[in-house]
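Its first residue numbered 41, the sequence shown is counted upward by one per residue in the working numbering. The C-beta atom is built at its ideal place from N, Cα and C for all residues, glycine as well. Just below is one structure, and these are the notes that go with it.
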Amino acid sequence: MSQHPQPPRSAQIVGIDPWVRHVLRCPVTGADLVDGTGPDGQPELVSTSEVNKLAYPVRDGVPILLESEARRLDA
(Lines of atoms letter the chains of each structure in order from A and count residues from 1; the text may use other names and numbers.)
(Lines give C-alpha, C1' and ligand atoms only; values in the text may rest on other atoms or scores of the structure.)
Protein backbone atom coordinates (compact mmCIF):
# COMPACT_ATOMS: atom_id res chain seq x y z
CA MET A 1 0.00 0.00 0.00
CA SER A 2 1.36 3.44 -0.95
CA GLN A 3 2.28 5.96 1.74
CA HIS A 4 1.56 8.91 -0.54
CA PRO A 5 -1.71 9.85 -2.23
CA GLN A 6 -1.77 9.40 -5.97
CA PRO A 7 -1.46 12.67 -7.92
CA PRO A 8 -3.92 13.57 -10.65
CA ARG A 9 -3.51 11.52 -13.83
CA SER A 10 -2.16 14.57 -15.67
CA ALA A 11 0.93 14.52 -13.42
CA GLN A 12 1.69 11.04 -14.74
CA ILE A 13 1.23 12.24 -18.32
CA VAL A 14 4.10 14.74 -18.01
CA GLY A 15 6.32 11.92 -16.73
CA ILE A 16 6.75 12.93 -13.10
CA ASP A 17 6.86 9.96 -10.72
CA PRO A 18 4.08 10.13 -8.12
CA TRP A 19 6.49 10.18 -5.15
CA VAL A 20 8.44 13.07 -6.69
CA ARG A 21 5.27 14.95 -7.51
CA HIS A 22 4.11 14.65 -3.90
CA VAL A 23 7.13 16.60 -2.59
CA LEU A 24 7.47 19.27 -5.30
CA ARG A 25 6.87 22.85 -4.16
CA CYS A 26 7.29 26.27 -5.72
CA PRO A 27 10.90 27.27 -5.01
CA VAL A 28 9.89 30.94 -4.65
CA THR A 29 6.79 30.72 -2.44
CA GLY A 30 6.84 27.17 -1.07
CA ALA A 31 3.27 26.69 -2.34
CA ASP A 32 1.94 23.46 -3.81
CA LEU A 33 2.17 23.02 -7.57
CA VAL A 34 -0.72 21.93 -9.78
CA ASP A 35 -0.82 20.83 -13.39
CA GLY A 36 -1.33 23.40 -16.08
CA THR A 37 -0.84 24.00 -19.77
CA GLY A 38 1.20 26.90 -21.07
CA PRO A 39 0.21 29.23 -23.90
CA ASP A 40 2.26 27.04 -26.25
CA GLY A 41 0.26 23.96 -25.24
CA GLN A 42 3.15 22.44 -23.31
CA PRO A 43 2.73 21.11 -19.75
CA GLU A 44 3.69 23.27 -16.82
CA LEU A 45 3.39 23.29 -13.05
CA VAL A 46 1.52 26.24 -11.57
CA SER A 47 2.06 27.59 -8.07
CA THR A 48 -1.07 27.75 -5.93
CA SER A 49 0.18 30.89 -4.16
CA GLU A 50 -2.41 33.67 -4.17
CA VAL A 51 0.27 36.37 -3.83
CA ASN A 52 2.92 35.35 -6.36
CA LYS A 53 1.42 33.09 -9.03
CA LEU A 54 4.11 31.46 -11.17
CA ALA A 55 4.09 28.73 -13.81
CA TYR A 56 7.12 26.51 -14.39
CA PRO A 57 7.74 24.69 -17.67
CA VAL A 58 8.03 20.91 -17.88
CA ARG A 59 10.51 19.90 -20.58
CA ASP A 60 10.92 16.27 -21.60
CA GLY A 61 9.14 15.27 -18.38
CA VAL A 62 11.45 17.35 -16.19
CA PRO A 63 10.00 20.30 -14.24
CA ILE A 64 12.25 23.35 -14.55
CA LEU A 65 11.80 24.88 -11.10
CA LEU A 66 13.98 27.95 -11.56
CA GLU A 67 12.63 31.43 -10.87
CA SER A 68 14.35 32.68 -14.03
CA GLU A 69 12.37 30.13 -16.10
CA ALA A 70 9.02 30.83 -14.42
CA ARG A 71 6.21 32.62 -16.20
CA ARG A 72 4.29 35.15 -14.11
CA LEU A 73 0.54 34.73 -14.22
CA ASP A 74 -1.61 37.84 -14.11
CA ALA A 75 -4.52 37.85 -11.72
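According to DSSP, Ser-87 shares a beta bridge with Leu-73.
Under a 10 Å Cβ-count criterion, Val-86 is classified as buried, with 16 or more other Cβ atoms of the shown protein chains found around its own Cβ. In this structure, Glu-84 keeps its C-beta atom at 7 angstroms or more from the C-beta atom of Pro-67.
For Pro-58, the closest of Gly-70, Val-74, Thr-88 by C-alpha to C-alpha distance is Val-74. Taking every protein chain shown into account, the CB of Pro-103 has 16 or more other CB atoms within 10 angstroms, so this residue is buried.
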